[in-house]
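To start, the structure under review is shown below, and the notes come after it.
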Amino acid sequence: MTTFADLGLSPKVLSAVTDAGYTIPTPIQAGAIPPALARRDILGIAQTGTGKTASFVLPMLTLLEKGRARARMPRTLILEPTRELAAQVAENFEKYGKNHKLNVALLIGGVSFDEQDRKLERGADVLICTPGRLLDHTERGKLLMTGVEILVIDEADRMLDMGFIPDIERIAKLIPFTRQTLFFSATMPPEIQKLADRFLQNPERIEVAPPSSTAKTVTQRLVATHSKDYEKRSVLRDLIRAQDDLKNAIIFCNRKVDVADLFRSLDRHGFSVGALHGDMDQRARTTMLANFKENKLTLLVASDVAARGLDIPDVSHVFNFDVPIHAEDYVHRIGRTGRAGRSGAAFTLVSKRDGKFVDAIEKLIDQKIEWLNGDIDALPPQAESEERPRGGRERGGRDRDRSRGRNTRGEPRAETRTETSEAQEKVEAVKAERKTEGRPQAPARNPRAANHAAPRPANDDSRDRRSRYRRDDDDGPTPLGFGDEVPAFMLIAGKA
DNA sequence: AAAAAAG
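Under full-length UniProt numbering, think of the first position of the first sequence as 1, with each following residue one higher.
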């Protein structure tokens with residue numbers, strides 16, 4: 001059997017790999033490392049979870065030992081579609097490059113230029129970048145890339161989806177034509193093939209099957225629900241509480257606003273929860289992810305920024321709060337669990353309108369997904385007799401005080417409300433707010449509009465504004481267009 | 001019906 005020792009890696013790299021506890025390479029590693037070491041171009045078709053990152057990091061480290069360092073000139077460049085992925089690759093360089101004296105610069109957006117500039121001035125051997133920030137640096141004239149010998153384009157299909165290809169082309173023009181290029185993509189649609197043809201010269205093509213663990217070790221279920229968000233939140237809470245083997249979970253929403261909404265809701269219901277989406281500031285993103293990885297947070301509500309590539313080992317559950325619009329996203333999402341042969345569970349909330357998306361998913365994965373408790377048609381009619389479970393303390397919750405890693409300030413939570421006073425209180429709250437706003441004619445605010453996803457500016461914590469954020473949380477929609485005239489009963493729509 | 005990435 002092939003071991004890492006057979007692949008031609010340098011002793012320094014090999015010892016770091018051994019220290020990390022690995023002896024047997026994955027198929028993509030066994031296939032890509034030898035030709036990469038021989039300076040061949042690589043076309044790697046592999047998904048996350050196949051060991052793809054090490055398949056370029058390890059040979060790059062070995063090759064970097066051979067050439068000689070040039071003053072202030074990066075010799076390798078890695079392009080990643082998201083900031084988190086770039087950061088993750090940087091971690092890999094630290095881990096496997098611990099016996100090397102390499103300077104690694106992580107050039108991603110959302111953080112200040114200062115530290116990145118300092119690193120570049122000191123001289124970086126390895127650049128790990130998202131395209132926008134890299135171009136920003138080159139345009140500022142601080143970065144010359146004529147010394148780059150190895151270019152890695154990772155997750156090419158995703159780069160295409162995200163419209164990065166023109167940026168990639170521009171970047172490629174700044175790098176010598178004689179470079180070695182390592183090109184990775186999870187899928188190979190015609191556009192990607194064309195792109196690969198343009199970027200690669202006589203590449204070694206390595207294709208590995210998607211990790212088989214995905215379909216086999218993950219228990220997948222559909223969960224019927226009505227389409228209103230508060231119904232879905234309630235169903236989700238029940239579902240989470242019903243899991244007795246839940247260690248940690250990612251909950252996916254299709255939209256950033258819904259990530260923010262659901263995060264606030266679960267937080268207020270006492271769950272240990274974080275959020276991750278692309279409109280959050282980078283510090284919050286980083287802390288959230290770190291806290292989740294360290295198990296300081298049990299649940300992570302996320303957009304598809306977290307669907308692909310992020311290496312979060314050992315997620316026991318995935319919940320799809322929304323059915324993904326594109327079937328491939330479903331595969332990526334549930335690929336967050338059941339990794340490395342572990343078992344996992346994936347639940348997808350489905351309402352009537354999601355039917356065609358579910359069909360597309362079942363077609364793509366070529367299997368029917370079972371319903372948990374009967375399908376949509378077996379669902380009792382909307383809400384009528386259903387008591388939505390409420391109340392402060394939940395099983396999933398830990399300390400109420402955790403405010404770590406959030407960009408909202410800690411504040412006492414209204415958790416002592418009782419079921420009976422709740423409706424009345426809500427009516428009062430809405431009336432009070434209208435008064436303080438001094439705009440009696442203004443239409444009642446749609447909760448979704450108030451719950452915008454972008455983090456609030458740090459200095460914005462006026463009371464009335466906060467109460468507006470708080471009020472709407474879980475209580476269903478406020479009807480639009482009634483001005484001050486909304487009948488009280490309508491403010492508790494969905495409860496009655 | 002979306003997300004992501006440069007500010």
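C-beta atoms are modelled at their ideal positions from N, C-alpha and C, and glycine is treated no differently.
Here the C-alpha atom of THR286 lies approximately 16 angstroms from the C-alpha atom of ALA307. The C-alpha of ARG255 is placed about 11 angstroms away from the C-alpha of VAL323. Residue ARG133 holds the alpha-carbon nearest to the alpha-carbon of ILE108 among ARG133, GLU91, LYS101, ASP125. Rounded to the nearest angstrom, the gap between the Cα atoms of PHE347 and ALA54 is 31 angstroms.
When the beta-carbon positions are compared, PRO176 and VAL152 stay at least 8 angstroms from each other. In the three-state reduction of the DSSP assignment, ALA46 falls in the coil class. GLY44 is classed as buried because its beta carbon has at least 16 other beta carbons within 10 Å across all chains shown. Counting the other CB atoms within 10 Å of its CB gives LYS52 a total of 16 or more, which places it among the buried residues. Contact between the region 79-88 and the region 150-165 is present, with at least three C-beta pairs closer than 8 angstroms. Counting along the chain, ASN92 sits inside the alpha helix (DSSP H) bounded by residues 83-96. By the CB criterion at 8 angstroms, LEU63 and LEU37 fall inside the cutoff. GLY51 sits in coil when the DSSP states are folded into three classes, being neither helix nor strand.
In the DSSP assignment, the residues bridged to ASN320 are PHE252, THR348. DSSP places GLY355 within a helical segment (H, G or I) once states are collapsed to three.
DSSP, read as helix, strand or coil, puts SER185 in strand. For ILE150, the enclosing beta strand (DSSP E) begins and ends at 150-153.
Counting the other CB atoms within 10 Å of its CB gives ALA105 a total of 16 or more, which places it among the buried residues. Around ILE376, the same chain offers ALA224, LYS352 as residues with beta carbons nearer than 6 angstroms, after the five sequence neighbours per side are excluded.
Assigned with DSSP and collapsed to three states, LEU143 falls in coil, not helix or strand. Three or more pairs of CB atoms, one per stretch, sit closer than 8 angstroms, so the region 238-251 contacts the region 297-305.
The continuous stretches of beta strand (DSSP E) do not include ARG158, which lies in the alpha helix (DSSP H) extending over residues 156-161. Taking all protein chains shown into account, SER343 has fewer than 16 neighbouring C-beta atoms within 10 Å of its C-beta and is therefore exposed.
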